[in-house]
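A short worksheet on the structure shown next.
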Amino acid sequence: MKRKHEQSAALFARALKVPPGGVHSPVRAFRQVGGTPVFIDSADGAYLFDVDGNRYLDFCLSWGPLIFGHNDPDIADAAKSAISRGTSFGAAEAGSLELAELITREIPWVEQLRFVNSGTEGVMSAIRVARAATGRDKILKFAGCYHGHMDGLLVQAGSGLAGQAIPDSAGVPAGTAADTLVAPLDHLAAVENIFAAHGSKIAAVIIEPAPANHGLLPQREGYLAELATLARKHGALLIFDEVITGFRLAFGGAAEYFGVVPDLVTYGKIIGGGFPVGAYGGRTELMAQVAPSGDVYQAGTLSGNPVAMATGLAALKKLLRLSPYAVLEARTRELATQLQALAARHSNMHVTCQTVASLFWICLDDAGARAGNNVGDNARRICSPAQIPGAHAQLYPPLFHALLDKGFYLPPSPWEVGFVSTAHDKLCIDAFTTAFGAALESIARE
Ligand SMILES: *Cc1c(COP(=O)(O)O)cnc(C)c1O
53 MKRKHEQSAA LFARALKVPP GGVHSPVRAF RQVGGTPVFI DSADGAYLFD VDGNRYLDFC
113 LSWGPLIFGH NDPDIADAAK SAISRGTSFG AAEAGSLELA ELITREIPWV EQLRFVNSGT
173 EGVMSAIRVA RAATGRDKIL KFAGCYHGHM DGLLVQAGSG LAGQAIPDSA GVPAGTAADT
233 LVAPLDHLAA VENIFAAHGS KIAAVIIEPA PANHGLLPQR EGYLAELATL ARKHGALLIF
293 DEVITGFRLA FGGAAEYFGV VPDLVTYGKI IGGGFPVGAY GGRTELMAQV APSGDVYQAG
353 TLSGNPVAMA TGLAALKKLL RLSPYAVLEA RTRELATQLQ ALAARHSNMH VTCQTVASLF
413 WICLDDAGAR AGNNVGDNAR RICSPAQIPG AHAQLYPPLF HALLDKGFYL PPSPWEVGFV
473 STAHDKLCID AFTTAFGAAL ESIARE
């Protein structure tokens, strides 16, 4: 029986008249899976509740910030208590100091940091610092990596843009993008060639250390360390965009998880505990260039907002207290293993589920197109956008909708990754994989 979506449909009809496409961030509009987006009324733990009274087990989790699930009581209490003392001061206060001290104490390569209001702002500012520090203009990025919507990096930039006819955004001046060099992932020789040609002009290499915005594309072991060596040989800085991976792969993010230290790092998502916060940081000698101590200008009216600092602090303290990383990773692997065991039995389609810590990505292909399963660190990984099967984009939407109808909310895009939170217990994982098997069958019948 189909779920009812009358209220959502009515709201979306109204919404189409106001924000462009009916939403305030593109992927929410369901264009990459078709159909009408469900409007969410409330959320708790592992679940979303829509305006028609439907419940969904949520694996999208607001795109990554909610490592403890929705409406975590410790984080919600921190927000309420902060609000009782005011919502914004625009002046020096101790909350942001406490959060900054906690991060710099726990993450040695972040000696200084600055809070901003989004991941995009963090990246923009880190790039400015890198350019100032090196006196160079060019930035090297990787095809399929997304770093927010700043002009210069909207070049071959991941899911929100994938599948569209134009890879770059309209409205980005050619001159801005001209300082951006793009290399393929999983191909160090290509990076070497770019350095050979432009090495003396490259301020920084920026990478998502576990690329997670065009599918989940884990790089081979040793890749990041070799990239770091190469960048440093040419006097370029290495920037890890840890907006997704920071505080998720480990407290110290992908840098800790993979054991490779960047020069500059950007954070977002988890760092605000579900409120809008971003940050950029690194060695003191680099960060001391930022105003007012140095001449790299960067500012923000609501930066270090006291409510967002309190929720960020509650989230990070809870992460340190519980250290849920091993459990989250084991649970995510269990999900991947179960999915593929099921898929092998139903066999109307080939299913790959790649994971990195508590990130997972389901990639589909026609049955028989590939042999073998790709669980966890299996050898046949998909490591770059070019390796993603062409059939995936067509096969994902019916699976997404079959699962939505059964009460499971996956990311509404074939290229976005799923997240597992501490609120997702073993029962949640089992319920999902059972529904996944049934969804595969129902698609096969249609
Ligand atoms: C989400 C994301 C960003 C942008 O962060 P916003 O808060 O959406 O501006 C940047 N980089 C990566 C890797 C991201 O996943």
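Just so you know, we're using the numbering used here here: the sequence shown kicks off at 53 and counts up by one.
Even for Gly, the Cβ is constructed at its ideal location relative to N, Cα and C.
Small disclaimer: the values here were computed from a predicted structure and weren't measured.
Specify, as a first and last residue, the run of the alpha helix (DSSP H) that residue i falls within.
i	result
R157	A146 to E158
Q350	From DSSP, Q350 is part of no alpha helix (DSSP H); its letter is neither H nor E.
L165	Element bounds for L165: not the alpha helix (DSSP H) but the beta strand (DSSP E), Q164 to V168.
S140	No alpha helix (DSSP H) holds S140; DSSP gives it neither H nor E.
T486	K478 to R497
I179	G171 to T186
W309	It is worth fixing the name first, because residue 309 is Tyr in this sequence and not Trp. Note, Y309: alpha helix (DSSP H), G305 to F310.
M361	P358 to L374
I246	L240 to H250
Q390	Y377 to H398
Go through its chain and collect everything with a Cβ distance to residue i's Cβ below 8 Å, but skip five positions before and after it.
i	result
H57	T88, V90, D102, D104 and N106
F327	A131, N357, V359, A360, T363 and G364
H453	V85, G86 and G87
R137	P358
T485	L387, Q390, L391 and L394
H398	G489, L492, E493 and A496
I92	L100, F101, D102 and V103
L237	F194, A195, G196, C197, P263, L269, Q271, C435, S436 and P437
A61	T88
In or out: residue i buried (at least 16 other Cβ within 10 Å) or exposed?
i	result
H76	exposed
Q216	Caution applies to Q216, whose pLDDT of 40 falls short of 50 and renders its modelled position unreliable; the value that the coordinates give is listed next. Flag for Q216 reads exposed.
F64	buried
D347	exposed
F194	buried
N265	buried
A235	buried
P72	exposed
S465	buried
E260	buried
G442	exposed
G274	exposed
F299	buried
V207	buried
G424	Any reading at G424 is ruled out, since the residue's pLDDT is 49, under 50, leaving its predicted position unreliable.
S177	buried
G333	buried
Rounded to whole angstroms, how far is the Cβ of residue i from the Cβ of residue j, which I believe are closer than 8 Å?
i	j	result
K321	V295	6 Å
Y461	L416	The pair is not a contact, with the Cβ atoms about 18 Å apart (cut-off 8 Å).
F120	A367	7 Å
L165	A331	5 Å
S473	L233	At roughly 36 Å, the Cβ-Cβ gap does not stay under 8 Å, so S473 and L233 are not in contact.
A396	A98	Not confirmed; about 26 Å, so no contact.
T186	L289	7 Å
R183	A255	5 Å
By Cβ distance, which residues of its chain are closer than 6 Å to residue i, with the 5 residues on each side in sequence left out?
i	result
H201	T172
Between the Cα of residue i and those of the options, spot the shortest distance and give me the residue it belongs to.
i	options	result
I159	A248, P466, V224 and L316	L316
D110	V70, D457 and G330	D457
A340	V181, G304, L233 and Y377	V181
Q406	G470, Q350, P464 and G352	G470
R284	G304, E260, V312 and T297	V312
L151	G325, T353 and L451	G325
V379	A262, D477 and G274	D477
D203	A277, A98, T297 and S221	S221
S252	P78, K190, R55 and L118	K190
H239	R183, S436, D124 and D293	S436
V243	T281, T318, V224 and P225	T281
T318	V175, L154 and E163	V175
H286	A262, F303, A302 and N245	N245
E381	Y309, D96 and H250	Y309
A143	W467, H402 and L354	L354
W413	A249, L118, T384 and R55	T384
V329	P117, P78 and V79	P117
E468	W115, S94 and L68	W115
T228	L205, L301, H250 and A241	L205
Who are the near neighbours of residue i in its chain, counting only those whose CB is closer than 7 Å to its CB and skipping five residues on each side?
i	result
S148	F167, G356 and M361
K370	F120 and D126
A81	G73, G74, V75 and P89
I434	G267, L269, T404, Q406, C415 and I440
F303	E158, L371 and L372
F141	P358
The beta strand (DSSP E) spanning residue i covers which residue range?
i	result
K54	Note, K54: premise wrong, no beta strand (DSSP E); not H, not E.
R107	R107 to D110
K193	K190 to F194
V257	I254 to I259
G330	G330 to G334
H444	Not the beta strand (DSSP E): H444 falls in the alpha helix (DSSP H), residues H444 to D457.
T232	T232 to A235
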